[in-house]
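Peer 1: For the sequence shown, this note's numbering assigns the number 2 to the initial residue and increments by one for each residue that follows. For each residue, glycine too, the CB sits at the ideal point set by N, CA and C. Handing you this structure, nothing more for now.
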Amino acid sequence: MVAMMPPPGYAWTPYGWQDLERQKQIDRTKTGALLLVVAFGIAWIPLVGAIGGIVQLIAIIFMALGRKGFGPAHARNVLLGVVLWLIGILLAVVVGVLAALRIIGAFGPFGGVVTPEDLIGFFDMIVIGVLIGAAIGGLMIVLFGVGLSEKNGKILLILGYVSSMVVAALLFLLLRQGIVDLAQNLNSQAALQRITDQTTLLTISSVIPYSMYALAFFLIFNRIKRGEIPAGPAQPPMAMPAYPGMMPIPSVGSPTMPPSQPPSMPPSGPPASPPGPGMRP
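Here it is as structure tokens:
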């Protein structure tokens, strides 16, 4: 491989810019892991969970931008997690639209009455969308962290995913009966209060999976900070094109690179003239 002699006053190292880019990737992943710790730390708190969702979105962006810092396997996991996350959002939107169309269709073109069965069906479709989003979103979190975690961290990620699905299933089972009661009597304050209380209780109970996720990514953050996770391999230096007036030299480590030796210098002063007649050489 042939590298080019840099202009005077400049130094060029073949691996310098690759190392800088790799360090940027590592720093982005470390920032994303820390933001996920913050997001999961506050996501379970009522009225504050929305802020946790915004922080989680920013963390996803950082993790995606830094996906190449720890090798191709981690980059592949992060990319797959982002794709699943986008698919989950799309499915949730589709389910929400279908649920809304069900309610709109109950009125008919000339008006109508929404029956309790229509309300229950609307709720069931919404919950199906929530369950799908929870399942796919949990897989994204596991994929983000599994390649950067040791055994304990992987266990926390898996337990967090399982417990999040349990909480989502309990949310469906407990709220559905309240929705049925409310659909039978829309003026029932008791049913409405029961639904509100159950929602608050289950939101607080989500502290179990969120705490496991937060601890898992805190361990990842510490591992990156201490340099315990090996970074991905550096890219080989790119071949530099030849330009007029620039002397090509073999790159560092090339098998054809000659041994280092001082350059030969031309003799100083004017060239010696040949001896004239009668002069000793």
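Kindly indicate which three-state DSSP category Ala-101 falls into: helix, strand or coil?
Peer 2: helix
Peer 1: What is the DSSP secondary structure of Pro-117, reduced to helix, strand or coil?
Peer 2: helix
Peer 1: From the DSSP output, in three-state form, read off Ser-207 for me.
Peer 2: coil
Peer 1: Between Leu-1 and Gln-26, what straight-line distance do the alpha-carbon atoms span, to the nearest angstrom?
Peer 2: With the chain covering only 2 through 282, there is no way to say anything about residue 1.
Peer 1: Of all the options Asp-28, Trp-18 and Leu-37, which has the alpha carbon lying nearest to the alpha carbon of Phe-218?
Peer 2: Leu-37
Peer 1: Using DSSP with H/G/I as helix, E/B as strand and the rest coil, what is Ser-164?
Peer 2: helix
Peer 1: Excluding five sequence neighbours on each side, which residues of the same chain lie with their C-beta closer than 7 Å to the C-beta of Tyr-211?
Peer 2: Phe-41, Ala-44 and Trp-45
Peer 1: Let me know if Thr-32 comes out buried or exposed under the rule of 16 or more other beta-carbons within 10 Å of its beta-carbon.
Peer 2: Classification for Thr-32: buried.
Peer 1: Compute the Euclidean distance between the alpha carbons of Leu-132 and Val-94, then round it to the nearest angstrom.
Peer 2: 13 Å
Peer 1: Alpha carbon to alpha carbon, what distance is there between Pro-73 and Thr-197?
Peer 2: 46 Å
Peer 1: Three-state secondary structure (DSSP) at Ala-93?
Peer 2: helix
Peer 1: Pairing CB atoms from the segment 173 to 182 with CB atoms from the segment 147 to 163, are three or more of them under 8 Å?
Peer 2: Contact between the segment 173 to 182 and the segment 147 to 163 is absent: fewer than 3 CB-CB pairs across the two stretches fall below 8 Å.
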